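Asks:
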Amino acid sequence: MKIQHPLAANAVFSGVSAAFIALQGAWLQEHIPLLGWMWTVAAAGLALFALQLAAMVVNPRLANMLIKQVIVSDALWLLATSIGLMLYSAELTNLGVVIVMLINVVVGTLAWWQLAAWKATRLVVKGHGV
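My numbering puts the first residue of the sequence shown at 199, with every later residue one more than the last.
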């Protein structure tokens, strides 16, 4: 299993998410009431993350150097948004809660896939095969 496959999927998801937030931030704000500047920061951060992931897809050495950071970043995203959902779910619409939960399912799946690919790659590098 190559690390580049889950990284590419994460790059696409992050890039599409950044574009959606940039284009539909006002609509999202109706369901997940963050301040406008927070949506702008989220879109910019996701766009930069997507660019980093894309660079990792085309540069295997960079992928091997940064894969742990990406997995940890995804795990921290899950933790932060889950805590936010627990604390502020009353502020979100029902659709807002569903959006956050669905995004977390995707992010969790990508994190698991990246972890599995990284572990498989480490086994091959150590000469144990897969």
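Idealized CB from N, CA, C, for every residue including glycine. Computed from a prediction, not measured in an experiment: that's the story for all the values here.
1. Answer yes or no: do residue 215 and residue 246 have a C-beta to C-beta separation smaller than 8 Å?
2. Please go through the same chain and pick out, in chain order, the residues whose beta-carbon is closer than 7 Å to the beta-carbon of residue 254, but skip the five residues on each side of it.
3. Only counting the same chain, and skipping five residues up and downstream in sequence, which positions put a Cβ closer than 6 Å to that of residue 240?
4. Between which two residues does the alpha helix (DSSP H) holding residue 238 run?
5. Can you give me the Cβ contacts of residue 231 inside the same chain, cut-off strictly under 6 Å, excluding the 5 residues immediately before and after it?
6. Tell me which residues share the same chain as residue 269 and place their Cβ nearer than 8 Å to its Cβ, disregarding the 5 neighbours each side in the sequence.
7. Would you say residue 303 and residue 211 are within 8 Å of each other, going by their C-beta atoms?
8. Is residue 255 a contact residue of the ligand COA, with contact defined as CB to any heavy atom under 7 Å?
Replies: Per the coordinate set shown:
1. no
2. 205, 260, 261, 264
3. 219
4. 234-256
5. 289
6. 309, 312, 313, 316
7. Not closer than 8 Å, so no.
8. No copy of the ligand COA occurs in the structure displayed, which carries no ligand at all.
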